[in-house]
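Student: Residue numbers (the working numbering): 163 to 427. Where is the CB? At the ideal position from N, CA and C, for every residue including glycine. Treat the numbers as computed from the prediction; the structure is a model and nothing was measured.
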Amino acid sequence: MNKNHLSVILALALPAVCAHAQSTAPTPTPAASDLSVVLTPSFVSQYMFRGLHFGGPSFQPYVELRSDSFLFGVWSNFPLKDKVPGQSDPEFDFYGSCTIETIKDTLSFTPGCTIYTYPNANKKDGFYKAEYEPNLTASYTVAGLKLTPGLYYNFTLKGPTLELGAAYAVPLADLGTELDFSGTIGTYKWRAFDADTSPDVKIWGNYWLLGVAAPFQITKESKLTIGWAYTKSSNSFRKQGSAPKEPTEEAVGRGVVTVSYSLSF
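Structure follows, in structure tokens:
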């Protein structure tokens, strides 16, 4: 994530493992093997993350190596329009996690970590070249409703993010698909939002997201997903030193359309 960026986990379903941009969508079921590679090209109409707006239409492909318990991946962002001045083009986020199931099909815990990298970010404009954010999430499923509380701590921005996600699927058997509803609420507080500034720039605020996605199975190994979500930040402010606080410019509400195609090997 860059200067005006709280970067990693968004997605229509907001998977907590990588906390990144708002583009992750349901992926095809892996083959019988417990190890698979999933490649997902994805396009979004707006680049939003944790209720903050970081750009317009973007290409956000990612690739993941998955097993029953482990996941490693690389997510990327390539701005297509309305690029934020000084923003890194491209952005690469490296993430991994390990899921520990304590109650079968009901309760699990997932420690993970994301390294956000911005190779072309302009530090003179306050953008970081890299950020480091470990996280811990839990997943509890009851009556088909999946609840996912998560704690993230960004050692670069020097502060935590707390998040609670919920997901529920409604089958549409006649159409050969389902509606995947998702919601997220979260809050963040960082003490070093901008790079190379003195005194540090603090930022804090809340955010929420509501979304729905429909996956369409194309082949046994591939799936097309179309989704829409609305996300917004509230009570978001920034403050430097003894200066008065001011509203965070990037804290807006936006609807986001996502189209992705996932291929499993």
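1. Quick test of the definition: if touching needs 3 or more C-beta pairs under 8 Å, does the segment 279-287 touch the segment 312-323?
2. Using the Cβ count rule (16 or more neighbours within 10 Å means buried), how would you classify Ser422?
3. Could you work out which residue in Glu226, Met210, Ser231, Asp358 is closest to Gln402 when comparing CA atoms only?
4. With three or more beta-carbon pairs closer than 8 Å as the criterion, would you say the segment 347-365 touches the segment 377-391?
5. Can you tell me which residues form a DSSP beta bridge with Tyr280?
6. Counting only runs that start and end within the segment 206-244, where is the beta strand (DSSP E) found for 3 or more residues in a row?
7. To the nearest angstrom, report how far apart Gly306 and Pro247 are at their CA atoms.
8. To the nearest angstrom, how far is it from the Cα of Leu197 to the Cα of Lys286?
9. DSSP on Ala183, reduced to helix/strand/coil?
10. Do Thr268 and Tyr302 have their C-beta atoms within less than 8 Å of each other?
11. Just how far apart, CA to CA, sit Gly288 and Val199?
12. Going straight from the alpha carbon of Glu408 to that of Phe399, what length do you get?
13. Could you spell out the range, first to last residue, of the beta strand (DSSP E) harbouring Phe343?
14. In this structure, how does DSSP classify Lys291 when only helix, strand and coil are distinguished?
15. Look up Phe399 in the DSSP assignment and give the residues it is bridged to.
16. Measure the C-alpha to C-alpha separation of Val374 and Val206 and round it to an integer number of angstroms.
17. Can you give me the Cβ contacts of Pro192 inside the same chain, cut-off strictly under 7 Å, excluding the 5 residues immediately before and after it?
18. Indicate the three-state DSSP secondary structure (helix, strand or coil) for Asp336 in the structure shown.
19. Who are the Cβ neighbours of Val304 in its own chain at under 8 Å, not counting the five residues just before and after it?
20. Find the nearest neighbour of Ile265 within the set Ala300, Ser396, Lys291, Pro273, judged by alpha-carbon distance.
21. Helix, strand or coil for Lys382 per DSSP?
22. Just how far apart, CA to CA, sit Ser250 and Phe240?
23. Would you give the residue range spanned by the beta strand (DSSP E) that Asp251 belongs to?
24. What three-state label does DSSP hand Lys285 in the structure shown?
25. Should Gly258 and Leu233 be called a contact, given that it needs their Cβ atoms to be closer than 8 Å?
Tutor: On the basis of the coordinates in this document:
1. no
2. Start at 1 with the first residue of the sequence shown, and residue 422 comes out as number 260. So Ser422 ends up on the buried side.
3. Working through the sequence shown from its first residue, we reach residue 402 at position 240. Taking only the C-alpha atoms, the option nearest Gln402 is Asp358.
4. no
5. Position 118 of the sequence shown, counting from 1, holds the residue named residue 280. DSSP, once it has assigned bridges, lists no residue as partnering Tyr280.
6. List check, beta strand (DSSP E) in window: 209-211, 214-217, 224-228, 232-241.
7. In the sequence shown, the residue the question calls residue 306 occupies position 144. In the sequence shown, the residue the question calls residue 247 occupies position 85. Rounded to the nearest angstrom, the two C-alpha atoms are 43 Å apart.
8. Reading the sequence shown from its first residue, position 35 is the one you call residue 197. Reading the sequence shown from its first residue, position 124 is the one you call residue 286. Near 43 Å, if we compare the C-alpha coordinates of Lys286 and Leu197.
9. The residue you call residue 183 lines up with position 21 of the sequence shown. Bear in mind that the predicted position of Ala183 carries a pLDDT of just 37, short of 50, making it too unreliable to give a figure here.
10. Position 106 of the sequence shown holds residue 268. Position 140 of the sequence shown holds residue 302. Yes, the Cβ-Cβ distance between Thr268 and Tyr302 is below 8 Å.
11. Residue numbering aside, residue 288 sits at position 126 when the sequence shown is read from its first letter. Residue numbering aside, residue 199 sits at position 37 when the sequence shown is read from its first letter. Taking the straight line joining both Cα atoms gives about 36 Å.
12. Taking the first residue of the sequence shown as position 1, residue 408 is located at position 246. Taking the first residue of the sequence shown as position 1, residue 399 is located at position 237. Glu408 and Phe399: Cα-Cα distance of roughly 5 Å.
13. Translated into the one-based positions of the sequence shown, residue 343 becomes position 181. 339-352 is the extent of the beta strand (DSSP E) around Phe343.
14. Counting from 1 along the sequence shown, the entry for residue 291 is found at position 129. Of the three classes helix, strand and coil, the one that applies to Lys291 here is coil, per DSSP.
15. Sequence index remark: in the sequence shown, residue 399 carries index 237 (1-based). According to DSSP, which records beta bridges pairwise, Phe399 is partnered with Trp366, Pro409.
16. Looking up residue 374 in the sequence shown gives position 212. Looking up residue 206 in the sequence shown gives position 44. Straight-line Cα distance between these residues: approximately 14 Å.
17. Here residue 192 refers to the residue found at position 30 of the sequence shown. Any reading at Pro192 is ruled out, since the residue's pLDDT is 47, under 50, leaving its predicted position unreliable.
18. What you label residue 336 is simply residue 174 of the sequence shown in a count that begins at 1. Three-state DSSP puts Asp336 in a helix.
19. Looking up residue 304 in the sequence shown gives position 142. Cβ neighbours of Val304 beyond the five flanking positions: Thr268.
20. Residue 265 sits at position 103 when you count from the first residue of the sequence shown. Residue Ala300 is the option with its Cα nearest to Ile265.
21. Indexing the sequence shown from 1 puts residue 382 at position 220. Of the three classes helix, strand and coil, the one that applies to Lys382 here is coil, per DSSP.
22. Along the sequence shown, read from residue 1 onward, the residue named residue 250 stands at position 88. Along the sequence shown, read from residue 1 onward, the residue named residue 240 stands at position 78. If you take the alpha carbons of Ser250 and Phe240, they lie about 9 Å apart.
23. As a working mapping, residue 251 is identified with position 89 in the sequence shown. Where Asp251 is concerned, there is no enclosing beta strand (DSSP E), given that its DSSP letter is neither H nor E.
24. One-based indexing of the sequence shown puts residue 285 at position 123. Lys285: helix per DSSP, three-state reduction.
25. Taking the first residue of the sequence shown as 1, we reach residue 258 at position 96. Taking the first residue of the sequence shown as 1, we reach residue 233 at position 71. Taking 8 Å as the Cβ cut-off, Gly258 and Leu233 qualify as a contacting pair.
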